[in-house]
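Chains as they are written, first to last, in my numbering: chain A, 168 to 370; chain C, 168 to 370.
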DNA sequence: TTGAATCTTGACTGATTGGTCAGGGCTGCT
DNA sequence: AGCAGCCCTGACCAATCAGTCAAGATTCAA
């Protein structure tokens, strides 16, 4: 649907360098806070060279977001209606927490976008994301109706999973400063969230 | 400790106008995304007039943050060591959720700051906030040791309260878009969080 | 080796931004 | 009314920013 994928290995290498540097800068400074000079310096390229590979600042940002959104749906997509409700929900929590641990910059990029009112991903949220959430909310409601899990509002349940798992990435700076420098902020997070959700959804 | 409070009623009125407009703009766009022209237009004043009341952009931002930080500590400060553990913790959750409902812009201003690595409030977090959290974590640990609540890591417990309550303010745009325009995003939140934390901390 | 395509850059531009300043207008006290 | 001090503004400046361009350097296939 977009421009054809890059052909030469120089293009592949440099586009990767640029996107990685841009992810650093955008996730830490927000869209308007980031500058092309920062991104170029961080990528080890000149600014005009940046603009040889991407038409403009927004295209870099859009590329990052688009790549991210696919990955964003995956964990919830994997929640299987015919699986064991407890295992499915706890599995979803673990996959989301895993994403926060492995891709904290992507999480912060997303958080920045939502904080600003989600101007660039409104279509995604109202479209694909809403459809998937509605679908899985119905699944969860079904489990509750069958008495296989506690009777909880499925939307609040899903939002609470997002809140808790993404918090470990998005507010990492705060957690690190409160806990002290030496502490791994993810230490104990998985077993804590396991306990929390196991107790919450137990019928 | 700062410049003496404004004297005339014109000063009081215009400083209030500016800070209110600035809170709108900073919380929605972040520090670098906000412009003095936007703030001035939103406040109904000229840009030079803005700078008659505040020395520069950063002073406006710092004033907002400083005012906010006092209010930020209050709910946790009210958690009483000699109260009933369940009532105290659920009360803290309710006070935090109430703050998200009443002051969503302040919550987003704070979230923006943390996302950027908390450069301007590092002192507050490492100082007053850390001290208060350490103090209350000890209280919670004591309750757990006495078997009055479940044996949970108190830091994860506190962070999960922050995550869940602030999520309703910070990610409101996403929730609104997923739920559909008509829905009040706070609908059902209090009883859901009541249930969640009651089940979590039950001994 | 050679030449065409690809890659890279210094020097630039126009727009936006935070901030200044000199002077004029307004307010409230006597 | 008159005036001192507070309030307000248009016009301006220097810095920063996204983006352009012409020309040189590099790569790679033949």
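The beta-carbon is built from N, C-alpha and C at its ideal position, and this holds for glycine as well.
Here the structure is a predicted model, which means the values were calculated and not measured.
Query raised in the report: Taking Cβ positions only, does residue 327(C) come closer than 9 Å to chain A?
Result: Residue mapping note: residue 327(C) aligns to position 160 of the second chain, counting from 1. It does; some Cβ of chain A falls within 9 Å.
Report task. Please classify residue 177(A): is it buried, with 16 or more other beta-carbons within 10 angstroms of its beta-carbon, or exposed? Result -> For this step, residue 177(A) is matched to residue 10 along the first chain. By the 10 Å Cβ count, residue 177(A) comes out exposed.
Query raised in the report: Which first and last residues belong to the alpha helix (DSSP H) in which residue 211(A) is found?
Result: Here residue 211(A) refers to the residue found at position 44 of the first chain. From DSSP, residue 211(A) is part of no alpha helix (DSSP H); its letter is neither H nor E.
Requested in this report: Return the CA-CA distance between residue 183(A) and residue 275(A), expressed in angstroms with no decimal places.
Outcome: Position 16 of the first chain, counting from 1, holds the residue named residue 183(A). Position 108 of the first chain, counting from 1, holds the residue named residue 275(A). Roughly 19 Å separates the two Cα atoms.
Report task. Rounded to whole angstroms, what's the CA-CA distance from residue 296(C) to residue 281(C)? Just pull it up for me. Result -> As a position in the second chain, residue 296(C) is number 129, starting the count at 1. As a position in the second chain, residue 281(C) is number 114, starting the count at 1. Rounded to whole angstroms, residue 296(C) to residue 281(C) spans 13 Å at the Cα level.
Query - Nearest residue (CA-CA) to residue 180(A), options 261(A), 220(A) and 319(A) - result: One-based indexing of the first chain puts residue 180(A) at position 13. If we check each option's Cα against that of residue 180(A), 220(A) comes out closest.
**Report entry** Stretch pair the stretch 241 to 249 of chain C + the stretch 292 to 310 of chain C: three plus CB contacts closer than 8 Å
**Finding:** yes
Requested in this report: Give, in chain order, every unbroken run of the beta strand (DSSP E) that is at least 3 residues long and sits entirely within the stretch 216 to 258 of chain C.
Outcome: none
**Report entry** Rounded C-alpha distance that separates residue 364(C) from residue 360(A)
**Finding:** Here the question's residue 364(C) lines up with position 197 in the second chain. Here the question's residue 360(A) lines up with position 193 in the first chain. When rounded, the distance between both Cα atoms is 12 Å.
Query raised in the report: From the beta carbon of residue 127(C), is the nearest beta carbon of chain A less than 9 Å away?
Result: Within the shown structure, residues of chain C are numbered from 168 to 370, placing residue 127(C) beyond reach of any answer.
Query raised in the report: If we ignore side chains and look at the alpha-carbon of each, how far apart do residue 215(C) and residue 222(C) end up?
Result: As a working mapping, residue 215(C) is identified with position 48 in the second chain. As a working mapping, residue 222(C) is identified with position 55 in the second chain. Roughly 10 Å between the two C-alpha positions.
Report task. Under 7 Å between beta-carbons, which chain A residues line up against residue 284(C)? List them in chain order, please. Result -> Taking the first residue of the second chain as 1, we reach residue 284(C) at position 117. Simply 195 and 340.
**Report entry** Under the three-state DSSP convention, the category residue 170(A) falls into
**Finding:** Counted from its first residue, the first chain places residue 170(A) at position 3. With a pLDDT of 46 at residue 170(A), under the threshold of 50, the predicted position of this residue should be treated as unreliable, and no value is reported.
**Report entry** Contacting positions in the stretch 287 to 306 of chain C - beta carbon closer than 7 Å to chain A
**Finding:** 289, 292, 293, 296, 297 and 300
Report task. Could you check which residue in 292(A), 205(A), 225(A) and 354(A) has the C-alpha nearest to that of residue 267(A)? Result -> Taking the first residue of the first chain as position 1, residue 267(A) is located at position 100. Of the candidates 292(A), 205(A), 225(A) and 354(A), the one whose C-alpha sits nearest the C-alpha of residue 267(A) is 354(A).
Query raised in the report: Exposed or buried, which one is residue 356(A) when buried takes at least 16 other CB atoms within 10 Å?
Result: In the first chain, counting from the first residue as 1, residue 356(A) sits at position 189. So residue 356(A) counts as buried.
Requested in this report: Please determine, among 341(A), 199(A) and 294(A), the residue with the shortest C-alpha to C-alpha distance to residue 330(C).
Outcome: Reading the second chain from its first residue, position 163 is the one you call residue 330(C). Ranking 341(A), 199(A) and 294(A) by Cα distance to residue 330(C) puts 341(A) first.
Query raised in the report: If you measure from the beta carbon of residue 192(A) to each beta carbon in chain C, is any gap under 9 Å?
Result: The count along the first chain starts at 1 and reaches residue 192(A) at position 25. No, because no Cβ of chain C sits closer than 9 Å to the Cβ of residue 192(A).
Query raised in the report: Going by other Cβ atoms of all chains shown within 10 Å of its Cβ, with 16 needed for buried, is residue 248(C) buried or exposed?
Result: Residue numbering aside, residue 248(C) sits at position 81 when the second chain is read from its first letter. Classification for residue 248(C): exposed.
Query raised in the report: Just the Cα atoms here: how many angstroms apart are residue 271(A) and residue 336(A)?
Result: Position 104 of the first chain, counted from the first residue, corresponds to residue 271(A). Position 169 of the first chain, counted from the first residue, corresponds to residue 336(A). About 5 Å.
Query - Environment of residue 168(A) [buried if 16+ CB atoms lie within 10 Å] - result: Stepping through the first chain from its first residue, residue 168(A) is reached at position 1. Because the pLDDT of residue 168(A) is 36, which lies under 50, any placement of that residue in the model is unreliable, and the number read from its coordinates should be weighed accordingly. The residue is exposed, with fewer than 16 neighbouring Cβ atoms inside 10 Å.
Query - chain C contact residues for residue 314(A), given Cβ-Cβ distances below 7 Å - result: By 1-based counting over the first chain, the position of residue 314(A) is 147. Those within 7 Å of residue 314(A) in chain C number zero; the least Cβ separation is about 16 Å.
Query raised in the report: Alpha carbon to alpha carbon, how far is residue 205(A) from residue 226(A)?
Result: Here residue 205(A) corresponds to residue number 38 of the first chain, with the count starting at 1. Here residue 226(A) corresponds to residue number 59 of the first chain, with the count starting at 1. Computed Cα separation, rounded: 16 Å.
**Report entry** Alpha-carbon spacing of residue 284(A) relative to residue 288(C), whole angstroms
**Finding:** Here residue 284(A) corresponds to residue number 117 of the first chain, with the count starting at 1. Here residue 288(C) corresponds to residue number 121 of the second chain, with the count starting at 1. Spanning the two alpha carbons is a distance of roughly 24 Å.
Requested in this report: Kindly give me the distance between the Cβ atoms of residue 352(A) and residue 343(A), rounded to whole angstroms, as I take these residues to be in contact under 8 Å.
Outcome: Reading the first chain from its first residue, position 185 is the one you call residue 352(A). Reading the first chain from its first residue, position 176 is the one you call residue 343(A). Correct: roughly 6 Å between the Cβ atoms.
Report task. Out of 307(C), 293(C), 228(C) and 250(C), state which residue places its alpha-carbon closest to the alpha-carbon of residue 383(C). Result -> Beyond the ends of chain C as shown, which are 168 and 370, falls residue 383(C); an answer cannot be given.
Query - Residues that residue 184(C) contacts on chain A, provided the C-beta gap is smaller than 9 Å - result: Taking the first residue of the second chain as 1, we reach residue 184(C) at position 17. Within chain A, no residue comes near residue 184(C); the closest Cβ sits about 23 Å away, beyond 9 Å.
**Report entry** Cβ-based neighbour list, residue 312(C), same chain, cut-off 6 Å, excluding 5 preceding and 5 following
**Finding:** Sequence index remark: in the second chain, residue 312(C) carries index 145 (1-based). For residue 312(C), where only same-chain residues beyond five positions count, there are no Cβ hits under 6 Å.
Query - CA-to-CA distance, residue 234(A) to residue 211(A), given in whole angstroms - result: For this step, residue 211(A) is matched to residue 44 along the first chain. For this step, residue 234(A) is matched to residue 67 along the first chain. About 22 Å.
**Report entry** Residues, ordered as in the chain, of the stretch 235 to 266 of chain C that lie near chain A by beta-carbon distance below 8 Å
**Finding:** none
**Report entry** Distance, residue 286(A) Cα to residue 263(A) Cα
**Finding:** Locating residue 263(A) in the first chain gives position 96, where the first residue counts as 1. Locating residue 286(A) in the first chain gives position 119, where the first residue counts as 1. Answer to the nearest angstrom: the Cα atoms are 24 Å apart.
Query - Whole-angstrom distance between residue 322(C) and residue 318(A), CA atom to CA atom - result: One-based indexing of the first chain puts residue 318(A) at position 151. One-based indexing of the second chain puts residue 322(C) at position 155. Spanning the two alpha carbons is a distance of roughly 28 Å.
Query raised in the report: By DSSP, does residue 175(C) sit in helix, in strand, or in coil?
Result: As a working mapping, residue 175(C) is identified with position 8 in the second chain. Residue 175(C): coil per DSSP, three-state reduction.
Requested in this report: Look up residue 368(C) in the DSSP assignment and say whether it is helix, strand or coil.
Outcome: Numbered from 1 along the second chain, position 201 holds the residue referred to as residue 368(C). Helix, per DSSP.
Query raised in the report: Rounded C-beta distance between residue 328(C) and residue 253(C)? I'm assuming under 8 Å.
Result: The count along the second chain starts at 1 and reaches residue 328(C) at position 161. The count along the second chain starts at 1 and reaches residue 253(C) at position 86. With a Cβ gap of about 14 Å, residue 328(C) and residue 253(C) do not count as contacting.
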